[in-house]
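Input: a single structure, listed below in structure tokens.
Numbering (my numbering), first residue to last: 158 to 443.
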């Protein structure tokens, strides 16, 4: 994640502690698997001239699901006065803004494309409303991903994925864009036909769209480029034998821009290859 580091988290802790000492319960780092947060003084009127930043950080390889229970901020056509701004990752990257919201219409449900979400609440010096309350939870498996870029992994990656799991990710870019999917790591149970554990990729949002292929085993799938602005990735495991699964990056843009995009370079850890032969494990269980 570009710009993500421990110093950013420390700085955010410091800022939230200062605001708390001034009598405003405002912002902070939310790292529990699930929780709730709200504007200052909710359900009363929020204070004037206030800015709060919440950072939702879930386990790497997971995503965060954000929903709003109540929403009431001063309205403006372009939300320039009081507003809530939501980002994939840290708020320093304007390219990952998911939306800017005000008025009485609550934002839609969001699933992050990374394991970090930033939420900024801002009020000016005039007109206060009731504010908002929101809930989040770690969403281990699947979701709708709408950022310019992101990462998806099998559950528990890089540890072995669970048995009897099924996850579906819909990657949705703006209508004029296409999507490039790059697998950085791949290790799953292997069998001819990939009928037991597999990843399937579809050129559209449903399993009725064209199937690029089913992938299994230890060989990374080729880079995949969609023909539309939506892509469906399906992960499925059966009742025994696993592996560490997969990690994949996605990017959206024009055909010219996605052609040269590549995931960040990082030294891989050495993982133990999981998986006995299929017949051997069944004999052990009998």
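Each residue gets a CB set at the ideal place from its N, CA and C atoms; glycine is no exception.
Here the structure is a predicted model, which means the values were calculated and not measured.
Asked, Found
"Unbroken alpha helix (DSSP H) runs of length 4 or more, entirely within the stretch 324-400: which are they?", "none"
"Is residue 193 helix, strand or coil when you go by DSSP?", "strand"
"Specify, as a first and last residue, the run of the beta strand (DSSP E) that residue 208 falls within.", "207-214"
"Considering just the uninterrupted stretch of the alpha helix (DSSP H) at residue 254, what are its terminal residues?", "Run containing residue 254: none in the alpha helix (DSSP H); it sits in the beta strand (DSSP E), 254-258."
"Let's see if you can read the secondary structure: which residues bound the beta strand (DSSP E) around residue 310?", "306-310"
"Strictly by DSSP, which residues pair up with residue 239?", "Residue 239 pairs with nothing; no bridge assigned."
"Mind the definition here: the stretch 275-290 touches the stretch 202-215 only if three or more C-beta pairs lie below 8 Å; say whether that holds.", "yes"
"According to DSSP, which residues form a beta bridge with residue 294?", "191, 222"
"So, at 6 Å on beta carbons, what are the nonlocal neighbours of residue 261 in its own chain, with the 5 sequence-adjacent residues on each side left out?", "229"
"Alpha carbon to alpha carbon, how far is residue 369 from residue 269?", "25 Å"
"For the alpha helix (DSSP H) holding residue 413, just list the boundary residues, first then last.", "412-415"
"Would residue 406 pass as a contact of residue 308 if the rule is Cβ separation under 8 Å?", "yes"
"Less than 6 Å between C-beta atoms, sequence neighbours within five positions excluded: which residues of the same chain meet that for residue 178?", "Legend: pLDDT at residue 178 = 35, less than 50; position of this residue unreliable, no value from coordinates given."
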